[in-house]
Structure formats: C-alpha cells, structure tokens
Amino acid sequence: MSALLSIDRLRVELPAKKGSRTVIHDVSLDVRAGEAVALVGESGSGKSMTTRAVMRLLPEGARLSGEIRFDGVSIPGMDRRALRRWRATRVGMVFQDPRAHINPVRRIGDFLMEGVRLDGRLSAGQARERVSRLMRAVGVADVDRRLSQYPHELSGGLLQRVMIAAALATEPDLLLADEPTTALDVTTQEEVVAIIDGLRRERGLAMLFITHDLDLAAAVCDRIAVMYAGSIVEERPAGALTPDASHPYTRGLLAARPEIGRREPRLRTIEGRPISAFEVGDGCAFATRCPMVRDLCRRERPAPVHVTGGRVACHFAGEAEPQAVVGDGAAR
Amino acid sequence: MSVLQLAAAPGSPEITSRAYRFGALTAVACAVVTLLTLAAVFAPAVAPYDPTQVDPSAVYQGPGGAHLLGTDDVGRDILSRLLYGARASLLGPAIVVVVAAVVGTLVAVSAAWIGGRFDAFVSRGLDVIFAFPGLVLAIVAVAVIGPGLMAPAAALSISYVPYIARVLRTAAIRQRNLPYIAALEVQGFGAAAICARHLVPNLLPLLIVQATVAFGYALLDLSAVSFLGLGTQPPAPEWGLMVANGQPSIVAGHLEQSLSAGLTIVIAVVAFNLLGQGLSRVFLGEDR
Amino acid sequence: MASVVIYGAMFVVPGDPASLLVGGSKPNPEALAAIRRQFHLDEPFWQSYLRWLGGAVRGDFGTSLVYRSPVADLIAARALTTLLLVAYAAIVIIVAGVGLGLLAGWKERRAGAVITVATTVMMGAPTFVMAVVFVAVFATGLGWFPVFGAGSGLADRLWHLTLPAFALAFSWIAYVAQMTRASVREELRSEHVDTARGRGVPERSILRRHVLRNASGPILTVSGLTVAGLFAGTAVAEQAFGINGVGALLVQSAAKQDLAIVQAISLVLVVAFVMVNMLVDVANALLDPRATRRTAG
Ligand SMILES: Nc1ncnc2c1ncn2[C@@H]1O[C@H](COP(=O)(O)OP(=O)(O)O)[C@@H](O)[C@H]1O
Ligand code: SF4
Ligand SMILES: [Mg+2]
C-alpha cells in the first residue's frame, strides 16, 4: 500500500557562516492515509526541520535532497501554484507556539476566514458558518465573541484551539502537528491533545505528530519514529515500542521516562550531551553517549535495518546492554 | 535523487555575499575619506591655483585645458577651490563630531553608571535635543552669534550629542551589568578609574562607528548652512558655499561650480556613511 | 521646555538688538532706551520670557525689528506656501519611500542590493545639491518647470513647487525606503508569515495583509519623523528655489539677526515637529490592537 506522505532519504543543509550545516542527515518515513505517526526526539534533533521540509517552509538558501511525495506527487518539485493549492487544500499545520504563529494584529475571525475563503468556493456566509462550526468542534465557547477578538485577548490554550480549527478548516488529508502542546500549561495540554486526537480519528485524517514525549506519542499515534541528531534511529508500531525497542537511544528514552505522577525529569537522564546533526562524524551519531559503543560504531554509520514491524539503525541493535547505563538521579 | 534549491523566504546567503561585496565598497570609502583628508591638509601643495585668485580674463572656462574642472563666474579655478574647500568643509564636521563624541561619551557613561533618576533625566534631555532639528538649531545659533563656521558648528555639536549618547548609553548599561565590572568594584577600583580604563575602551568601537556616520551627516548639515549663506563666508572656499555661488550661473548653462561642489559633498557623505557601515561590520559584526 | 531654550538663547545674545536696530556707531542713548522699552528689552529674563510665551500662545509673537510689522502676520502670509511644500514633499516621500522599501524587502534577491546601494547614495544627496541638479536638468535643461518662485493659484503653485518638493524629498525617500525595507524583511521572517505561507495564502495577500499591515507601525513612525523633519528642511528648499515661505523667512531673519522672527519660527517649527510626532503616536496606538487594549484597560 502506498503512503499518503512518503519521505525518502531526506537530507537538509542550511547555509551557515562558512559553507553549510547539515540539520537533517537521513530521514525516511511513511505516513499512510488515516494513520498517525509520531516523530519523537530531543530538542534540536531536527523534528521541526523535517516538518518544514515537508511544508516547504525551510529557511532561504536551504538545500534539500532526497524526495518527499504526497499522494505520489513530489512536493519539492511542485511549482508555485501547485504548491499553494496543495498547502491550501490537502495539508494542515499546527505550530508549536500559536502566539507567534498567528498574526497579532488581525482578528481571530479574519485569521480563520482567510484560510477557508482561499479557494473562493465559499460565500462569506458559508465560510463564517464553517468557521463557527469548527470553533465549536475544537471546544471554544462563545464563538461570536471570540471571532471578533484579537490573539492577545485569548489564552494560549484557546489560541492553539484556533490554530487547530484553522488547520482543519480546509478539510485536509494530512495534519502536521509540531509539538502542539509544548507551549501550553499542563492542564490545557491534555485537553488540546484530546481535541486533536478526537477530531483526527473522527475525520480519518493522517497525522504526523511531533513531540518529545514518548508516552504521549504512544497514546495518540499508531507508529513511532525516534529521531536523534538529524536521523531516524528506530521506528516501531506504537504498542510494540516498549517491549521491542532495540536501539540503545530508544531504550535510554524509555528508561528515562518519568513515572506516573512525577513529570519533571524528561529526556535529560541519558548520560552525555545531545549532539547536533552537523557534529555527527563518520560513525554512529549516538556513539558519544551510547553505553554499548564499540570501535565499529565510531568508524561506520549503521544503516537502518528492517525488523519485525519497524526499522532500527544500530550495529548492535537488541543486544543486552550493560546494567545501569541510564543515570537515574539518585546515582549521581 | 534530486538536489533542489528551495526558496521559501528571501534571505540569508544573499546577505553574506553582499557583505563581501560591501567589503570592497568599504575599502573604496576608506580611500575616498583618506584622499579628502589629504586634500585638506596638503591643499597648498596640490592645488594648481590660488583659490581666491580672481581672473576676469578666464571667466566660465569649461573643464579641461588649463583648468581641470573649469573656472567660476569670476575666473577662479574650481579644482583649487574644491581642494582648499576641503579644509573648511571637513573642519566643521570634525569639530562637531569631536565635541559631540566627548560630551556624548561623558553623558552616556555617567548616566549608565549612576542610573536611576539621573539616567531618566538624561534620557529625557537627549530626547528633547533629538526632537530639535539640527539645522534649525544651527540657524538659531547664527541669528544669535552671527554667521561663520563657529556658531553652526557649536549648535550642531549639541544636536549630535544624542546621536552618540543614546547608543553608547545602552551599550554602557549592558557593560555595567557584566560581572567584570562588579569584580573590579570588589577589588576596590573607583568608578572613574573603571570607566576610564575599562568601560570607555570597551565602548570605543561603537563610538568610532557612530562618530564616522555622524561625520557624514554633520558635513551635510554644515554645508547646508553655508549654502544658505550663514556659515563660512565668501570669498573663502567651502563646498556648500560653492554650490550656492554657482547657482545663478546655472540658468546660463554654467554648471561646473555648483555641480562639482555638490558632487563632492555627496561623495564625501556617502563615503563616510559606507565607512561607518563597514567599520560597524568589522568592529561589531553586524549590519546596520 | 524647548521654548525656554530658544528664548534663553536669544536672551544671552552678545550684541544688543536695540543698538543693531538703531544702527550707526554711536547710537543715541535716549533712542536706544525708548526702543528697549518698546520691545521689552529692558526686562529680566523670566518676565520677558513669560510675556513672550503668553503672547505666543495667543498667536502674538511680538514685532519684527527689521520688517517693523507683527511677526505673526509675516509668518501667516507665508504659512500656506510652506505647508503646501511640506505636504507635497511628504506625499512624494511616503509613496516613493514605502514603495521602494516594499519592493526591496519583498524582491530581496532581484531588487534588494540595487535599492540598497541607490538609497545609500540618495541619503548623501542633500536638498540644495538636488535643487541644483533638478534646476539644471528639468528647468533650464528641459524647460519643464520654472526655476524660481512659488506661483499663484493651486495648479500653478503645485507646478512651481514640484522641483522644490522633489529636491526636499530626495534623501528622505531613501531613508524611508531603508526603514521600510528593514521592517518588511523582519515581518517576512516572522512566524505568522510562515503560517500564512503554509496555508497557501498567495504571496500578494501575505504582503498586504500580514507584512505591510504589521510593518505599518514602524513605517508610520519613520514617515512621521520624516515629515516633522521636513519643516526644518523647507529653509533650504525655499531658499534654493527663491520661494517666499516661512523657511526662507527664517534664513533671512537669521542673517539679519532679527531675533523676534527667528524665535517665533523656531518655536512654530518645534511645535509642528512635536505635533506630528504626537499624531504618529496616536495613529500607531489606533493601528496596533495591543496598544489600544493597553490604553483602554
Ligand atoms: N533557522 C535556522 N537556521 C539555522 N539552524 C537552525 C534553524 N532552525 C533550527 N536550526 C538547527 O537545526 C537543528 C534542528 O532544529 P529543529 O528541527 O528545530 O529541532 P527540533 O524541532 O527537533 O527541536 C538544530 O540543531 C537547530 O540548531
Ligand atoms: S551503532 Fe553503536 S553507538 Fe550507535 S547506537 Fe548502536 S551500539 Fe550505540
Ligand atoms: Mg521543534
């Protein structure tokens, strides 16, 4: 079965002071119609860059290689018009920080109507009707008043709901959500996730869900891809990740998960400093932190290997690891 | 596998390459400024004629021949007048910039150091001066003191203080809050010593950049005052004055005097401006 | 505040205005005293300042020693010409400056560098140099415009004021263009523009609805500053083109050390400057919904 969104050996370089910097090394990922896939990784691992590459919102001068296809059509190959139509009709994007991503000097109503009316098929009245319906669907009360307000008059949680409504307004097939709850406080986080999850299932939308929270990823997605320093290191069905995880980094993440009711320490407890994509040498990107590292790891980059239900990029995937590799707070 | 150049937003690599091109421009600007300075200093040696020598037999000579840039309405050599004119034309801005730089630095550093209500008062005062157009202040000064180089130069010195002091104050406040200042204070150094030996030297690059750009604008303002007949008085050569002098001859088609003097002013101002931008990139690593 | 400075500057004038007026090397002391009394030159600073300011508020700026007529009348007779010139130049500056800046910011690759270089040169070209160039090219050269004077009747006036307005506007266009370009570039980089792009909003709508609208605050501020600065610039433009306006009056009075006029005009110019800036602040507050909210609540 062919995928709705297919990312194949994506590589992205950004211009830097001298020459360029690789921010994405090797990302291959499929999202099938109606399927939710999570992209999980520490901050700086290149999750946002991946979604930006998909949306063609990379910074100017960025060089992209590899291929991204939507419904079989190459996104990097689209001309201006095709790109605009695709963006306007087939895909919706929810950004991390709604306050920065919604124009502060335009009313909420204008923001929502702008997207809905783009293809020119709806009358003003119909558009308004659809916008109101969406606002109620994302759980906003008192819609008429909200539509006439400015972004600064709404809370972060409400704004993110508006963003979700805007992303869904054109009835896309694919939703890209880049850490949609990171900028929100804990109680609203759960509500917003519930709204995204509910609406997505109800509409049969495909979703690429970016997060750094493995539990959240497992809760709302069908498959999980783990990213480290610009590459995907492991990909598994959501249910199989905990028992089957075989990449040392994934195992580290799993072991470092906070216990229920104790949320503070997240991805910090893997020993060592997370490196950036451009710092990766010839060998395995994780070699500087890996408890199982051997000479081969530093010499040769491990290629992704298909395993039951997923892929892993590690020379020694699945081998038993030495005890106490994960620094738990007490030991230090 | 295809390699594609994606253009989502216009921007950054263009900027870097332009910075390199502007590097060459900065060099040109630097050369122009040097040449103008040399012209001012060595005018007597390099000028082919006496700048005030009237020659009724050689009125309105075109460029070329004995007079490279031609002669004016009373037969004076335009090139010589431009070369000598560099003296008055550059001396004025130099006075303005030096005074404004000294006063501006003192004001900025003391405001930053003392802070509180004094700082607020100083900032407010700088705003008031800033609101007063330099040209008007210069004209008022002429009305009070009388025409010449000194009255407008004095007025503009005041006018340009905010231009220097505002930027310096912000930078000085940032420096003031750096740990090294606190460390020096702990070691028992006095405020004046710390300011003179550490704070001001650290502000120097910024001061030089601001002063260079201010020089260009002061040159503009002062030559405008001379053009109005309120600055340097004839028959002394000065660029703004030469533009005014040549004006009546334009109708008769003799453009040499006004145009060459005007062009010299434009070149000088642009050169100082570009030099300031270039220095800013070198010293402060930023585009302004 | 500024008025004290202006007036104070006049008060400490080294030469005695009265003796200047009476003229001659040995002025008659009685005549001098009479004139001093007539023009209130014998009063202490604060008294005389307050008298002047009180008059100024009522539109009475005293009497010119040179023209021997009320300063207010002298200014009023010339105000229209000067206002027209400022308005003309302001329109030219805003249309051309914002337009060029928008183009440079939007088409950075194609037009950005060229416009940057052009505006840098333009900013170094003062009004009086451009006056010479324009007169040489468009008046004596092509004969399209008159060389001198302000004309009479609106159309004729505008025709006469075209070259002065453009000469006055020239370097300010570059300034506004540079500022506009900078704020357009900044807005284009902002995250909400990414959102709009990601939704497939056409580039033109992005420019109008998100970039220009959001950049309008800084653009307006710079334009206001510019227009306010134009009032001072009229001194040069009017003098260069022989226009009998307030600016030229200021220059001529300064040359003759006619302090009553210089005081009055500089006060008027400063007030105009401050008022334009206040208008800009108000307009900015109206444009920015966040600012409105702050003032309201
Ligand atoms: N505009 C940019 N210019 C240059 N480098 C960037 C830019 N944005 C992000 N990066 C770099 O790209 C890498 C990936 O960033 P990002 O995709 O935002 O990570 P994530 O979303 O996983 O936190 C990081 O190393 C970051 O420093
Ligand atoms: S390849 Fe080597 S260094 Fe990399 S994750 Fe596997 S074991 Fe660790
Ligand atoms: Mg991110």
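Residue numbers (our numbering), protein chains in the order written: chain A, -12 to 319; chain B, 27 to 314; chain C, 354 to 650. No residue lacks a Cβ here, since even glycine has one placed at the ideal position from N, Cα and C. Computed from a predicted structure; not experimentally measured.
Query - Per-residue DSSP class, three states only, for F309 (chain B) - result: The three-state reading of DSSP puts F309 (chain B) in helix, counting H, G and I together.
**Report entry** Exposure label - V124 (chain B); buried when at least 16 CB within 10 Å
**Finding:** V124 (chain B) is exposed by the Cβ-count criterion.
Report task. Report the residues of the stretch 548 to 564 of chain C with a CB closer than 9 Å to any CB of chain A, ordered along the chain. Result -> Of all residues in the stretch 548 to 564 of chain C, the ones placed with a Cβ closer than 9 Å to any Cβ belonging to chain A are T548, A549, R550, G551, R552, G553, V554, P555, E556, S558, R562 and H563, in chain order.
Query - N- and C-terminal bounds of the beta strand (DSSP E) containing P2 (chain A) - result: Start and end: L(-8) to P2.
Query raised in the report: In terms of alpha-carbon separation, which member of B:G96, B:S83 and B:C56 lies closest to P74 (chain B)?
Result: Ranking the options by Cα distance to P74 (chain B), first place goes to B:G96.
Report task. Using the Cα positions of D(-7) (chain A) and V14 (chain A), report the straight-line distance between them to the nearest angstrom. Result -> Sequence check: residue -7 (chain A) is Ser here, not Asp. Looking at the two C-alpha atoms, the distance is approximately 10 Å.
Query raised in the report: CB-CB under 6 Å to A212 (chain A), same chain, minus the five flanking residues each way: which ones, in chain order?
Result: Annotation for A212 (chain A): L16, L26, I219 and E222 place their beta carbon closer than 6 Å to its own, counting only its chain and skipping 5 residues before and after.
Query raised in the report: Any Cβ of chain A within less than 8 Å of the Cβ of R463 (chain C)?
Result: Closer than 8 Å: no.
Report task. Report yes if the CB atom of V589 (chain C) is closer than 8 Å to the CB atom of I618 (chain C), and no otherwise. Result -> No. Outside cutoff.
Requested in this report: Could you work out which residue in B:A191, B:L163, B:V72 and B:A179 is closest to L152 (chain B) when comparing CA atoms only?
Outcome: Relative to L152 (chain B), the option among B:A191, B:L163, B:V72 and B:A179 whose CA is nearest is B:A191.
Query raised in the report: Is P85 (chain A) closer than 8 Å to V130 (chain A) when the C-beta atoms are compared?
Result: Not a contact, by the Cβ cut-off of 8 Å.
Query raised in the report: So, is the C-beta of M42 (chain A) closer than 8 Å to a C-beta in chain C?
Result: Interface residue, yes.
Query raised in the report: Any heavy atom of ligand 3 within a distance shorter than 7 Å of the CB on E166 (chain A)?
Result: Yes, the beta carbon of E166 (chain A) sits closer than 7 Å to at least one heavy atom of ligand 3.
Query raised in the report: Can you tell me where the alpha helix (DSSP H) with H545 (chain C) in it begins and where it stops?
Result: Per DSSP, the unbroken alpha helix (DSSP H) holding H545 (chain C) starts and ends at E544 to G551.
Requested in this report: Give a single yes or no on whether S662 (chain C) has its beta carbon closer than 7 Å to a heavy atom of ligand 1.
Outcome: Past the edges of chain C, shown from 354 to 650, lies residue 662 (chain C), and the structure says nothing about it.
Requested in this report: Pull up the distance between the alpha-carbon of A244 (chain B) and that of G142 (chain B), whole angstroms please.
Outcome: Pairing A244 (chain B) with G142 (chain B), the inter-Cα distance amounts to about 32 Å.
Query raised in the report: Rounded to a whole number of angstroms, what is the C-alpha to C-alpha distance between A164 (chain B) and Y186 (chain B)?
Result: For the pair A164 (chain B) and Y186 (chain B), the Cα-to-Cα distance works out to about 12 Å.
Query raised in the report: Counting Cβ pairs, one atom from each stretch, are 3 or more of them under 8 Å apart for the stretch -2 to 5 of chain A and the stretch 42 to 55 of chain A?
Result: Yes, since at least three Cβ pairs between the stretch -2 to 5 of chain A and the stretch 42 to 55 of chain A fall closer than 8 Å, the two stretches touch.
Query raised in the report: Mind pulling the chain C residues with CB within less than 9 Å of L116 (chain B)?
Result: Within 9 Å Cβ-Cβ: nothing; L116 (chain B) doesn't reach chain C, min ~15 Å.
Report task. Would you mind stating whether A601 (chain C) and E591 (chain C) have Cβ atoms separated by less than 8 Å? Result -> Yes.
Requested in this report: Thinking R210 (chain A) and A193 (chain A) are a contact (beta carbons under 8 Å), I'd like their distance in whole angstroms, please.
Outcome: The Cβ separation is near 11 Å, so there is no contact.
**Report entry** Uninterrupted beta strand (DSSP E) stretches inside the stretch 28 to 67 of chain A (no shorter than 3 residues)
**Finding:** Complete beta strand (DSSP E) runs here, min 3: 50 to 57.
Query raised in the report: Quick one, which of B:L301, B:A287 and B:S306 has its alpha-carbon nearest D98 (chain B)'s?
Result: Answer by Cα proximity: B:A287.
Query raised in the report: Among A:S135, A:G59 and A:I257, which has the Cα closest to the Cα of V92 (chain A)?
Result: Per the Cα distances, A:S135.
Report task. Please report the Cβ distance between A518 (chain C) and G454 (chain C), rounded to the nearest whole angstrom; I am assuming they are in contact, meaning their Cβ atoms lie under 8 Å. Result -> The pair is not a contact, with the Cβ atoms about 19 Å apart (cut-off 8 Å).
Report task. Check whether the stretch 457 to 468 of chain C touches the stretch 618 to 630 of chain C, taking contact to mean three or more Cβ pairs, one atom from each stretch, closer than 8 Å. Result -> Counting Cβ pairs under 8 Å, fewer than three are found: no touch.
Query raised in the report: Taking the alpha-carbon positions, what's the V80 (chain B) to I104 (chain B) distance?
Result: Between V80 (chain B) and I104 (chain B), the C-alpha separation is close to 11 Å.
Report task. Confirm the yes/no value for this check: CB of G48 (chain A), any heavy atom of ligand 1, distance under 7 Å. Result -> No - ligand 1 has no heavy atom lying nearer than 7 Å to the Cβ of G48 (chain A).
Query raised in the report: Going by beta carbon distance, what residues of the same chain come within less than 7 Å of G102 (chain A), once the five residues before and after it are set aside?
Result: By the criterion of a C-beta distance shorter than 7 Å, G102 (chain A) is surrounded in its chain by A153, A156 and T157, once the five residues flanking it on both sides are discounted.
Query raised in the report: Between which two residues does the alpha helix (DSSP H) containing R534 (chain C) stretch?
Result: Residues L507 to L541.
Query - Close Cβ partners of P2 (chain A) (< 6 Å) along its chain, the five nearest in sequence each way excluded - result: Within the same chain, P2 (chain A) has close Cβ partners G48.
Query raised in the report: What does a CB cutoff of less than 7 Å around R132 (chain A) pick up in its chain, not counting 5 residues either side in sequence?
Result: Result list for R132 (chain A): empty, nothing under 7 Å.
Query raised in the report: Do C301 (chain A) and ligand 2 come close, with the Cβ less than 7 Å from some heavy atom?
Result: Within the cutoff, so yes.
Report task. Sort out for me which residues DSSP pairs T218 (chain A) with in a bridge. Result -> Note that residue 218 (chain A) is Ser in the sequence shown, not Thr. S218 (chain A) is bridged by DSSP to A:D13 and A:Y215.
Query raised in the report: With distances taken between CB atoms, is the gap from A250 (chain B) to P479 (chain C) smaller than 8 Å?
Result: A contact, by the Cβ cut-off of 8 Å.
Query raised in the report: Is the Cβ-Cβ distance between G118 (chain B) and L64 (chain B) less than 8 Å?
Result: Their beta carbons are not under 8 Å apart, which means G118 (chain B) does not touch L64 (chain B) by this criterion.
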